[in-house]
Amino acid sequence: MSSNDKRGRLVIAVDGPAASGKGTLARRLAAHYGLPYLDTGLLYRMVAKAVLDAGHDIQDADAAAAIVASFDEAAFPEDSLRGREIGEAASVVAAMPAVRSGLIARQRRFAGQAGGAVLDGRDIGTVICPEARAKLFVTATPEVRAARRHRELTARGEPATFEGILADIRRRDARDSGRSDAPLKLAEDAVLLDTSALTIEEAAAAAIGIVDARRANPSHENAIISD
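In structure tokens:
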């Protein structure tokens, strides 16, 4: 069944690298259109945390694959998944083909809800919901993304340096874009939204404009939106 095969369904795919603002924009879009929202990155964080909690090496693909088959999403409070260590570990397990394939069904079930849904991640527009009516690829420069993450972590009281976060982001970008299975990339029919010089309100307005344009004319060409 396609992502938009029922009249009136709206599936919005929001992809992008770490700290690009995609999660904030996806939540704004879900609220604006009255749709359920899924941060698919949390699923990978759950798997990573379960691997670490069980005492396995984060590089243990067999252990991660076994966890994917049976983990309970309700067993992971979101606060326990937001740390820097879990984010880095999630990027490692997300590069494992067995983990990605094991989570596809969960994500597609969420996207298949009657009215549609908003999902954000790394491969929503290319793999999970390739027929989504609206696809956004949200990005920003590595330096801007590192500054955002630094503010977020220091606000939570976590020790972090801008230089360390920037190195983490560049490493995650390379891992996410270079993996063989479902690499992070711009879908052919996605709209690129660069948030480097945009406020949250400006970026949200641009994102809503993109979705409205796709709803009105789903076949229009790719576009690039920035400051």
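With UniProt numbering applied, the sequence shown covers 1 to 227. Note that CB positions come from ideal geometry on N, CA and C, so glycine has one too.
Who pairs with residue i in a beta bridge, going by DSSP?
i    : result
F137 : D15, L192
L10  : G116
Y37  : V118
Which value, in whole angstroms, describes the spacing of the CA atoms of residue i and residue j?
i    : j    : result
S38  : R108 : Ser is not the amino acid found at residue 38; the sequence shown has Leu there. Each residue's Cα considered, the two are about 11 angstroms apart.
N217 : V191 : 13 angstroms
A197 : E143 : 12 angstroms
P17  : T195 : 12 angstroms
R171 : R214 : 33 angstroms
G21  : A146 : 11 angstroms
A167 : D57  : 22 angstroms
L42  : P159 : 22 angstroms
H150 : G116 : 34 angstroms
S80  : D53  : 12 angstroms
A65  : A90  : 13 angstroms
I24  : I104 : In the sequence on display, residue 24 carries Thr and not Ile. One C-alpha to the other measures close to 22 angstroms.
V93  : I124 : 17 angstroms
D173 : I165 : 12 angstroms
R148 : Q113 : 33 angstroms
V118 : D60  : 31 angstroms
D62  : V51  : 10 angstroms
E78  : L193 : 27 angstroms
K185 : V14  : 12 angstroms
How far does the alpha helix (DSSP H) with residue i in it reach, from first residue to last?
i    : result
D62  : 61 to 68
E85  : 84 to 93
L81  : Premise fails: L81 is in no alpha helix (DSSP H) and is neither H nor E.
F110 : 97 to 111
Does the distance between the C-beta of residue i and the nearest non-hydrogen atom of the ligand MG fall short of 6 angstroms?
i   : result
D53 : Annotation note on the ligand MG: not contained in the displayed structure, which lists no ligands.
Give a yes or no on contact between the stretch 204 to 211 and the stretch 148 to 161, applying the rule of three or more CB pairs nearer than 8 angstroms. Contact between the stretch 204 to 211 and the stretch 148 to 161 is absent, because fewer than three Cβ pairs lie under 8 angstroms.
Please give the ranges of any alpha helix (DSSP H) in the stretch 152 to 217, keeping only runs that are unbroken, at least 4 residues long and fully inside the region. Segments of the alpha helix (DSSP H) lying fully in the stretch 152 to 217: 162 to 178, 200 to 216.
Using 8 angstroms as the cut-off, can you tell me whether the stretch 66 to 75 makes contact with the stretch 131 to 147, which would need three or more C-beta pairs spanning the two stretches below that distance? Not touching, per the Cβ criterion.
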